[in-house]
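Letter 272 of the sequence shown, counting from 1, is numbered 269 in the working numbering, and no numbers are missing. From the three backbone atoms N, C-alpha and C, an ideal C-beta is built for every residue, glycine too. Model, not experiment: these values are computed from the prediction.
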Amino acid sequence: MQEMVNDLYHTFDSVTSIGNKQKFELCLKIGQLRRDAGYLIDQEIPQSALVLKESIIDTHQKSFYAFLSQKCPPSYLKKEQMSFYFILYSGAIYIHQDTPVYGMFQKWASEENEPYQVIRQLTGDIAARFLQNQRPIDYEVIIANLTSVFNACVVLSDAPPLIFLLLQKNWRIEEPLSKHVYKYCAKFLKHLSRRKKYLFLDDHLESLTNLFTFFLWPTVKAAIHKLKISVGIVAEDNFITMLPLYNFFTEHHYVDLSPYQGDEDVDLLVIPHLSFYPDNFHKQVFHYNYLAVENQFADLKKALAQQQLLKYENNLLSHDDYLY
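Quick look at the structure:
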């Protein structure tokens, strides 16, 4: 079986070759132990559910059947074979686009597979509502991984327990703005679960929503931290004091920095002394002093991030008709 294992793990990213080789060999051993104990796969996974090339399956079918026949009746050979491939080629297996397995996914997705169409709709909506349609380069990989997990759910009419138990217990995202992504995914999946084909989803809405949020939130979060914010500064004529501050802002390209004249509408105001606090200013004010330099502007970074989150959330809530 070594030749088959070699062909399979070479379809994945070369960085993961050793780990995948060990995983595939372990799956073969576990399957053999299961069959030794008299437990056989009773469900046949259709070829259409697999991204793996049919030519690879055909190449190794004779040797794989010979291996399986040691403890497996002829009527179960196809079921055991396809379930093995299904396990290996389901779930979040895509790391980047420049891999043979991602190329196989693209071909599989081009054949109008319904799980892919469902995920395409969701991720398209997410991009429009949360990313202003500015999709990052790796967004297609996120789509592939979501599709792969969702396809497994559809084929099994269930949620794979190992993935979802982890999500329920350990992988909850606690950041406040992630609730918007969570609620949108929950609404989408709840609506989907009303279709006859997807009724089984109703028992797994929370865990599946957690999974989708876990996949999508980092991309949304990255978009938030690119959001432009305006910063006004009340400066003093002290080169030694002000140079570190200007150097800091030079490194943060999302900041539109301008001198504060007293009537500008800015997101954050930076002042060197509390006595410079302007009248009738109701936005956040950051008091800049030597301590800010000593702690490497940690508090200022936090203040800028808070303003980005606040601005982003206000934009979302101004269009809450599509959120909930």
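* Asked: Asp122 lies in the alpha helix (DSSP H); which residues open and close that run?
  -> By 1-based counting over the sequence shown, the position of residue 122 is 125. Residues Glu111 to Phe127.
* Using CA coordinates, which residue listed in Ser52, Ile268 and Asp4 is at the minimum distance from Tyr287? -> To locate residue 287, count along the sequence shown from 1; it is residue 290. Ranking Ser52, Ile268 and Asp4 by Cα distance to Tyr287 puts Ile268 first.
* Asked: Any idea if Asp264 is buried or exposed, counting beta-carbon neighbours within 10 angstroms, 16 or more meaning buried?
  -> Locating residue 264 in the sequence shown gives position 267, where the first residue counts as 1. Buried.
* If Phe266 and Ile221 are in contact, beta carbons under 8 Å, what's the gap, nearest whole angstrom? -> Stepping through the sequence shown from its first residue, residue 266 is reached at position 269. Stepping through the sequence shown from its first residue, residue 221 is reached at position 224. Position check: residue 266 holds Leu in this sequence, whereas Phe was assumed. 21 Å between Cβ atoms; not a contact.
* DSSP three-state call for Gly16: helix, strand or coil? -> Start at 1 with the first residue of the sequence shown, and residue 16 comes out as number 19. In this structure, Gly16 counts as helix in the three-state DSSP scheme.
* Apart from the five residues just before and just after Ile139, which ones in its own chain have a Cβ nearer than 8 Å to its Cβ? -> Position 142 of the sequence shown, counted from the start, is the residue given in the question as residue 139. Thr120, Phe212, Leu213 and Thr216.
* Asked: To the nearest angstrom, how far is it from the Cα of Leu242 to the Cα of Leu208?
  -> Sequence index remark: in the sequence shown, residue 242 carries index 245 (1-based). Sequence index remark: in the sequence shown, residue 208 carries index 211 (1-based). Looking at the two C-alpha atoms, the distance is approximately 41 Å.
* Would you report the Cα separation of Ala302 and Lys18, rounded to the nearest angstrom? -> Counted from its first residue, the sequence shown places residue 302 at position 305. Counted from its first residue, the sequence shown places residue 18 at position 21. If I take the Cα positions, the gap works out to 42 Å.
* **CA-to-CA distance, Gln118 to Val231, given in whole angstroms** => For the purposes of this step, residue 231 is identified with residue 234 of the sequence shown, where counting begins at 1. For the purposes of this step, residue 118 is identified with residue 121 of the sequence shown, where counting begins at 1. The alpha-carbon atoms of Val231 and Gln118 are separated by roughly 47 Å.
* May I ask which residues mark the beginning and end of the alpha helix (DSSP H) holding Val217? => Start at 1 with the first residue of the sequence shown, and residue 217 comes out as number 220. Segment Leu202 to Ile221, the alpha helix (DSSP H) holding Val217.
* To do: Would you mind listing the alpha helix (DSSP H) stretches within the segment 7 to 59 that are 4+ residues and don't spill past its ends, in chain order?
  => 14 to 33
* To do: Count the other CB atoms, across all protein chains shown, that sit within 10 Å of the CB of Met(-2); report buried if there are 16 or more and exposed otherwise.
  => Position 1 of the sequence shown holds residue -2. Label assigned to Met(-2): exposed.
* For Phe83 and Tyr181, the rounded distance between their alpha carbons -> Reading the sequence shown from its first residue, position 184 is the one you call residue 181. Reading the sequence shown from its first residue, position 86 is the one you call residue 83. Straight-line Cα distance between these residues: approximately 30 Å.
* Asked: Among all the DSSP beta bridges, which residues are the ones paired with Ile84?
  -> Mapped onto the sequence shown, residue 84 falls at position 87. DSSP output for Ile84 lists no bridge partner at all.
* To do: Grab me the residues of Glu310's own chain with a C-beta within less than 7 Å of its C-beta, minus the 5 sequence neighbours each way, in chain order.
  => Here residue 310 is taken as the residue at index 313 of the sequence shown, counted from 1. Only Leu174 meet the Cβ criterion.
* **Residue environment, Gln305, which counts as buried when at least 16 other CB atoms sit within 10 Å** => Here residue 305 refers to the residue found at position 308 when the sequence shown is read from its first residue. The residue is buried, with at least 16 neighbouring Cβ atoms inside 10 Å.
* **Touch test, the segment 238 to 258 against the segment 183 to 200, Cβ-Cβ under 8 Å, three pairs minimum** => no
* Between the Cα of Ser145 and the Cα atoms of Ile90, Leu23, Arg132 and Pro43, which residue gives the shortest distance? -> Indexing the sequence shown from 1 puts residue 145 at position 148. Measuring from the Cα of Ser145, the nearest candidate turns out to be Ile90.
* **Integer Cβ distance of Asn148 from Ser87, believed to fall under 8 Å** => Within the sequence shown, the letter at position 151 stands for residue 148. Within the sequence shown, the letter at position 90 stands for residue 87. Rounded, the Cβ-Cβ distance is 7 Å, consistent with contact.
* To do: Could you tell me the boundaries of the beta strand (DSSP E) in which Gln281 lies?
  => Walking along the sequence shown from the start, residue 281 turns up at place 284. That run of the beta strand (DSSP E) goes Gln281 to His284.
* Asked: Quick one, which of Leu74, His93 and Ile116 has its alpha-carbon nearest Lys59's?
  -> One-based indexing of the sequence shown puts residue 59 at position 62. Looking at the Cα atoms, Leu74 is the closest of the given residues.
* To do: Identify the continuous alpha helix (DSSP H) that holds Asp296 and give its terminal residues.
  => The residue you call residue 296 lines up with position 299 of the sequence shown. Per DSSP, Asp296 belongs to the alpha helix (DSSP H) from Ala295 to Leu314.
* To do: For Leu85, count neighbouring Cβ atoms within 10 angstroms of its own Cβ and tell me buried if that reaches 16, exposed if not.
  => By one-based count along the sequence shown, residue 85 stands at place 88. Flag for Leu85 reads buried.
* To do: Could you tell me how far apart the beta carbons of Lys280 and Leu224 are, in whole angstroms, since I believe they sit closer than 8 Å?
  => What you label residue 280 is simply residue 283 of the sequence shown in a count that begins at 1. What you label residue 224 is simply residue 227 of the sequence shown in a count that begins at 1. Lys280 to Leu224, Cβ: 16 Å. No contact.
* To the nearest angstrom, report how far apart Tyr321 and Asp122 are at their CA atoms. => Position 324 of the sequence shown holds residue 321. Position 125 of the sequence shown holds residue 122. Caution applies to Tyr321, whose pLDDT of 46 falls short of 50 and renders its modelled position unreliable; the value that the coordinates give is listed next. Roughly 13 Å separates the two Cα atoms.
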